[in-house]
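Comments concern the structure below.
Number of protein chains: 4
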Amino acid sequence: MIKTDNTAILLIHCPDKQGILAVVTEFINVNKGNILYLDQWVDKEDEQFFMRVEWSLDEFEIPREKIEEYFATLIAHRLEMKFNLYFKNVKPRMAIFVSKMSHCLYDMLARHAAGEWQVDIPVIISNHLELEHVAQRFGIPFKHIPISKENKAAQEAVQLELLNKYRVSFVVLARYMQVVSDDFIQYYPNKIINIHHSFLPAFVGAKPYHAAHARGVKLIGATSHYVTADLDAGPIIKQDVTHITHKDTVEALVRKGQDLEKIVLSRAVAKHIERKVLVYGNRTVVFE
Amino acid sequence: MIKTDNTAILLIHCPDKQGILAVVTEFINVNKGNILYLDQWVDKEDEQFFMRVEWSLDEFEIPREKIEEYFATLIAHRLEMKFNLYFKNVKPRMAIFVSKMSHCLYDMLARHAAGEWQVDIPVIISNHLELEHVAQRFGIPFKHIPISKENKAAQEAVQLELLNKYRVSFVVLARYMQVVSDDFIQYYPNKIINIHHSFLPAFVGAKPYHAAHARGVKLIGATSHYVTADLDAGPIIKQDVTHITHKDTVEALVRKGQDLEKIVLSRAVAKHIERKVLVYGNRTVVFE
Amino acid sequence: MIKTDNTAILLIHCPDKQGILAVVTEFINVNKGNILYLDQWVDKEDEQFFMRVEWSLDEFEIPREKIEEYFATLIAHRLEMKFNLYFKNVKPRMAIFVSKMSHCLYDMLARHAAGEWQVDIPVIISNHLELEHVAQRFGIPFKHIPISKENKAAQEAVQLELLNKYRVSFVVLARYMQVVSDDFIQYYPNKIINIHHSFLPAFVGAKPYHAAHARGVKLIGATSHYVTADLDAGPIIKQDVTHITHKDTVEALVRKGQDLEKIVLSRAVAKHIERKVLVYGNRTVVFE
Amino acid sequence: MIKTDNTAILLIHCPDKQGILAVVTEFINVNKGNILYLDQWVDKEDEQFFMRVEWSLDEFEIPREKIEEYFATLIAHRLEMKFNLYFKNVKPRMAIFVSKMSHCLYDMLARHAAGEWQVDIPVIISNHLELEHVAQRFGIPFKHIPISKENKAAQEAVQLELLNKYRVSFVVLARYMQVVSDDFIQYYPNKIINIHHSFLPAFVGAKPYHAAHARGVKLIGATSHYVTADLDAGPIIKQDVTHITHKDTVEALVRKGQDLEKIVLSRAVAKHIERKVLVYGNRTVVFE
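Those sequence lines, one after another, are chains A, B, C and D.
Under my numbering, the residues of the first sequence are numbered 164 to 451, in order.
Under my numbering, the residues of the second sequence are numbered 164 to 451, in order.
Under my numbering, the residues of the third sequence are numbered 164 to 451, in order.
Under my numbering, the residues of the fourth sequence are numbered 164 to 451, in order.
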């Protein structure tokens, strides 16, 4: 079994036709790419084709910097494909936005520190100072950018500048507790991952645990999703729930929910890092 | 370990005070009742006390028919208690309302036939004829009462008359697909159990699987609840979910959901039969 | 979206090489087969290729009865493939073996009666008479074949004769409570599905709920698997668990376990009926 | 709703008799203790009574340091009770033993740092140096005590001395990868919590993920338990599982398993810290 980081990853989306799979795998095989991963799915209803393929570049005959051009010209163009090409050894760069709660932040930093994730974390941004010491513990720059109604636009501009400076490729809102403006989102379309502390679409908005308690539900959940202009309505990546009983106070829900939140967020982030998520309408295709 | 059906069950709800538990258990012990089950819970926030206690009547010194009066006079009155007294060997009588889908109906009839539930099922009522043969297979009277916008009030009167005639103590809507009127509900307050095919409060109303698919959720659910005047908003008894992926069509959701629906409904019905559910505001206390 | 029962299904297993997928899809495409389902998986460690493909025969140019021969000659032979060809409109024929417990039997018969499964159930076989009335309710022949230590070999011969007479393609042991002999198994290799009431390999053999209670586990499970000569050690198809607490008696485990058993068994049977299970060593590939 | 840390907690275990509950609650009420939590359970089969009760000491008339003596004399002695008395504001002191893997350690330190747990962590002990930097990040003393076959007894003596010096009340083996000797265990009976990376009793011993993969199971699990002289056979506190498929390599199982391990371990530790676990034979009563 070959283990290599010298691989290319293609995420593909196009109208379904006969033979797409054969054409793509042929392109790789003929140029001496060894396919290490292939998963495809056809939405029969909408007649859409989705694929993720990863292959070794060790003996691949098209130079790395030419693959995108060749694939576009020879294949993607005539099949009306949208595609994204990634290289495994080019790590994505992730910024984490936090507020005061540390559980999601710790969970991600611990994974990063343990080498579980192929990602760089160049900066942590917060509207509060409470978690500065956590960033310091892990040796990651922490930027304090307080947000108020009045300064929001200006401060978001500061944030965007920072993201630019640190060449950030995607953003994780780890219980950030601020609504990000549409302007901001436009710079990172389907590249801002949020964790919402309910099984969406139930309990959109603020204080979902209070709402869950009031409604008397028998399970609570967490949802990780890409942020869009509609609050808590973006494409869902991962969801999970846990059972509760009448004995659980709001406080208990908060505590139980935190374990869900961190796991559900980290799973979504892992899939994003591995380039296994493809957004399609308001839904996601999440490859295994 | 004593096995007996000659037991009394008390469900109690009152403002919390010191010593309630001691007073109630003392009442049973002193009169030679052997306590077989005791579970209690205090809602510290609202200062409410809830309790379920079951004891053997084999040597109990207060005659069966006098227990309610004695308990009311000696205890419940001064502690502002609401209580319900049941005898295990007096089986509740359950009517099942169905439409065209058989999975929940079969699940309940199979449990009944196998002796899993201490319940009588005197009648099955439907607005369609599709499931008549199922009722016949299990030897249970089937009443066909078609419902249209025009005849709804009249037909509900017929239904109520039937329920009365069969001395029905509670009703199960097993994918009945009809909204029951407020008038009807008033005759069976917290005694009509419905199964809704979503994790409420998400996807209230018709076609929840279509809505779930459109929203791109990563899990689907089912919710059993008591029916109130607000559609799909009554006190929840049981909920469960199952994970899905982008590959699941609406058809697949329907199929996977059916397994959830029947199990979640049957669990709620079992708890109701065992007199382990206590409604409190719009929530339920479900004893184990 | 095309809905047709006139499809062919290929299950393929062979050593992994470049281009297998392309070769197989090409064979179908070139002969005007419209692929409706394709899933493949490569075991990179053992370098084994697995695939399930289903295509419409409506315009397929190779006649139905020739497909197997053509595929064997043109493709399977040179790629050292093992393959199975099925036609969706040729239903498998399933015999159910039961003993005294009805929950799994009812669950399967209800699915069959509701048209959920594309399967025929020509016969139910039991070593006891308790469930004869269930078979009668569903109008399925019931054969009583009592088993003792002394008559086992002879009675299994009678069973095999019956299976032969009813042209049974696979057997489901629905809490049959008898160990089937190696001789019997040889006639139905990877075609006898059993449900074991534990999360195997924990609690092999008799009385797993008693063993689970004694060990003080916090979850109980059920496992559906193909029967092999080694007791409870055959390839696992589906497993699931449910949480329990110290409060659960053995009796409670039995009751909670029954819900698991029926669902886990029915899911395995569904996958088998849909020809989505491929046995590989002592493991299964279960396509979605 | 009263929030106070000035509470006493009683864990009680005795033969079941009528009226125990009344006697214990009376003892508290009469002396002006306000009961904040009460849960009890009777094992009807073995006729054993278990109880956890917590009450406010704010107006309790028996002095803190006399409660144990009074309760023993007035109640426990005549009812043949075993009991443990704790004060909420006296935090237990927990030592963490680790080896090379950081996920469980980070999870616990993050909870501790966030104030989620009422516990002190005076020392981290390891047979390797890999995680020293983690301990340093959180400012907790790290002691490197390498273990070999030859020096095991001597090094365990060093460990015990350290535990003594740091007044450790219980030990957590957070993927410690060493079998602790019977001698060591005797000093901390039912006070050493281990996490085993399988759903015990399946896959006892080394390399459970390899064993799970070889057996072809469809779910993997984790089990937290008290350590006893029998390897992986002590009283289980918490268990959980996650579903896997044929696609999961051993490497994938390890990765998925780590999320289970840390959550299952932390849940057990939380229950232990809250004094909600009572060992009974080889089983646990875990109060909610």
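C-beta: ideal position from N, C-alpha, C; glycine also.
Quick caveat, the model's predicted, so the values are computed rather than measured.
| query | result |
| --- | --- |
| Strictly below 9 Å CB to CB, what residues from chain A border Val331/B? | Result: empty, since nearest Cβ-Cβ is about 26 Å, beyond 9 Å. |
| Please state the DSSP three-state secondary structure of Leu294/C. | coil |
| Can you list, in chain order, the residues of the stretch 397-422 of chain C whose Cβ is nearer than 9 Å to any Cβ on chain D? | Pro398, Ile399, Ile400, Lys401, Gln402, Asp403, Val404, His406, Thr408, His409, Lys410, Thr412 and Val413 |
| Among the candidates Tyr389/A, Gln181/A, Leu184/A and Asn445/A, whose CA atom is the shortest distance from the CA of Leu355/A? | The sequence given here has Ile at residue 355/A, not Leu. It is Tyr389/A. |
| In the structure shown, what three-state DSSP assignment does Ala273/B receive? | helix |
| Among Lys410/A, Ala392/A and Val334/A, whose alpha-carbon lies nearest the alpha-carbon of Val286/A? | Val334/A |
| Pick helix, strand or coil for His359/A, following the three-state DSSP scheme. | strand |
| Which whole-angstrom value is the C-beta distance of Ile383/D and Val449/D, which I expect to be below 8 Å? | Not really, about 22 Å apart at Cβ, beyond 8 Å. |
| Is Ile383/C near the ligand ATP, with its Cβ less than 7 Å from a heavy atom? | For the ligand ATP, the structure offers nothing, since it holds no ligand at all. |
| If you count every other CB in all the chains shown that lies within 10 Å of the CB of Thr447/D, and 16 or more means buried, which is it? | buried |
| Can you give me the start and stop residues for the alpha helix (DSSP H) that Val349/A sits inside? | In the sequence as presented, Val is not what sits at residue 349/A; that position holds Gln. Segment Asp345 to Tyr350, the alpha helix (DSSP H) holding Gln349/A. |
| Out of curiosity, what's the CA-to-CA distance linking Glu217/D and Lys207/B? | 13 Å |
| Can you give me the Cβ contacts of Lys195/B inside the same chain, cut-off strictly under 8 Å, excluding the 5 residues immediately before and after it? | Glu222, Phe223 and Glu224 |
| Taking 8 Å as the cut-off, decide whether the C-beta atoms of Ser387/A and Val427/A are in contact. | yes |
| Excluding the five sequence neighbours on either side, which residues of its own chain have a C-beta within less than 8 Å of the C-beta of Ala348/A, listed in chain order? | The sequence shown places Ile at residue 348/A, rather than the Ala named in the question. Within the same chain, Ile348/A has close Cβ partners Ile355, Val390, Thr391 and Ala392. |
| Within 10 angstroms of the Cβ of Asp270/C, are there 16 or more other Cβ atoms? Answer buried if so, exposed if not. | buried |
| Lys315/A to Arg338/A, Cα distance in whole Å? | 18 Å |
| Would you say Pro364/A lies against chain B (beta-carbon separation less than 8 Å)? | yes |
| Within 8 Å, do at least three Cβ pairs link the stretch 419-439 of chain C to the stretch 187-194 of chain D? | no |
| For the beta strand (DSSP E) holding Tyr443/B, just list the boundary residues, first then last. | Val440 to Tyr443 |
| Does Glu451/C come within less than 8 Å of chain B when only Cβ atoms are used? | yes |
| Leaving aside the five residues before and after Met164/D along the sequence, list all residues of the same chain whose C-beta is less than 7 Å from its C-beta, in chain order. | Residue placement at Met164/D is flagged as unreliable, the pLDDT there being 45, under the threshold of 50; a coordinate-derived value is accordingly withheld. |
| Check the Cβ-Cβ distances between Ser289/B and every residue of chain C, and say whether any is below 8 Å. | no |
| Could you tell me which uninterrupted alpha helix (DSSP H) segments, each at least 4 residues in length, are contained entirely in the stretch 375-437 of chain C, listed from first to last along the chain? | 413-436 |
| How would you list, in chain order, the residues of chain C whose beta-carbon sits under 9 Å from the beta-carbon of His160/B? | This structure cannot settle anything about residue 160/B, because the visible part of chain B is limited to 164 through 451. |
| So is Thr167/C in contact with chain A if we call contact Cβ pairs under 8 Å? | no |
| Along chain D, in chain order, which residues have C-beta atoms closer than 9 Å to that of Glu208/C? | Thr412 and Val413 |
| Pull up the CB-CB distance for Leu394/D and Leu174/D, whole angstroms please, since I reckon it's below 8 Å. | Going by Cβ atoms, the distance from Leu394/D to Leu174/D rounds to 27 Å, so no, they are not a contact pair. |
| Could you spell out the range, first to last residue, of the beta strand (DSSP E) harbouring Asn197/A? | Asn197 to Asp206 |
| Would you check if there are 3 or more beta carbon pairs closer than 8 Å linking the stretch 412-426 of chain B to the stretch 259-267 of chain B? | yes |
| Quick one: which chain B residues come within Cβ less than 7 Å of Asn445/A? | Gly379 |
| So which residues on chain D does Gln349/B lean against when the C-beta distance must stay under 7 Å? | In chain order: nothing, as chain D lies at least about 35 Å away. |
| Quick one: what's Lys245/C bridged to in DSSP? | His176/C |
| Against Asn192/A, what residues of chain C qualify as contacts under a CB-to-CB distance less than 9 Å, listed in chain order? | Gln181, Gly182 and Ala185 |
| Listing by chain order, which chain C residues have their CB less than 8 Å from the CB of Ile426/B? | Asp422 and Ile426 |
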